[in-house]
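Okay, structure first, notes after.
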Amino acid sequence: MPHIVIFMKCPSHVVAKVVQKAMEARQKNLFPDDESIQENLVLSAWKTCEDGVQFLSVTLVKEGKLEEALKAIYKEMIYYSEIEGYELSIEVWGTMQEGFEALGMESPSD
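Under this note's numbering, the residue at position 14 of the sequence shown is numbered 137, and the numbers go up by one with no gaps.
Next up, the structure:
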């Protein structure tokens, strides 16, 4: 079950627009959570940086649902693309268990 890691970045002077669009999307339920596809582990963490503000979200994808999860995430993230300076990176990361399995090793028990 892979993780989808989303990095968003925008200039400081448009952060209020990003937050406003996020609130609007939530109020209108434009992108409802589907727990049968993915589980939000980090909904939205943020930090300041030289270029403005960076946001981070992490989801755990349910077994066999990667393509479906990516489609849903792309649809939601494109919603912000009209904001000046908006940048997006979406990465798929494996779990530690998947890493051990790829090496032909048993993962340590939790």
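Think of the CB as a built atom: it goes at the ideal place given N, C-alpha and C, for glycine as much as any other residue.
Considering only C-alpha positions, which residue in the set E173, T218, G222, V184 is nearest to K132?
-> E173
Since I105 contacts I206 with CB under 8 Å, what's their CB separation in whole angstroms?
-> Any question about residue 105 goes unanswered here, given that the chain covers just 124 to 233.
Alpha-carbon spacing of V184 relative to E191, whole angstroms = 9 Å
M236 (DSSP reduced to helix, strand or coil) | Residue 236 cannot be examined here, being either before or after the span of the chain that is shown, 124 to 233.
Let me know the secondary structure DSSP gives M131 once reduced to three states.
-> strand
Mind checking who E162 pairs with in its DSSP beta bridge?
-> L183
Roughly how many angstroms separate the alpha carbons of K194 and I201, rounded to a whole number?
-> 11 Å
May I ask you to report which of helix, strand or coil DSSP gives E210?
-> Three-state result, E210: strand.
Would you mind working out which of E147, L226, W169 sits nearest S135, comparing C-alpha positions?
-> W169
Report the partner residues of G175 according to the DSSP bridge assignment.
-> C172
Of the residues V176, S159, N163, which one's Cα is nearest the Cα of A139?
-> V176
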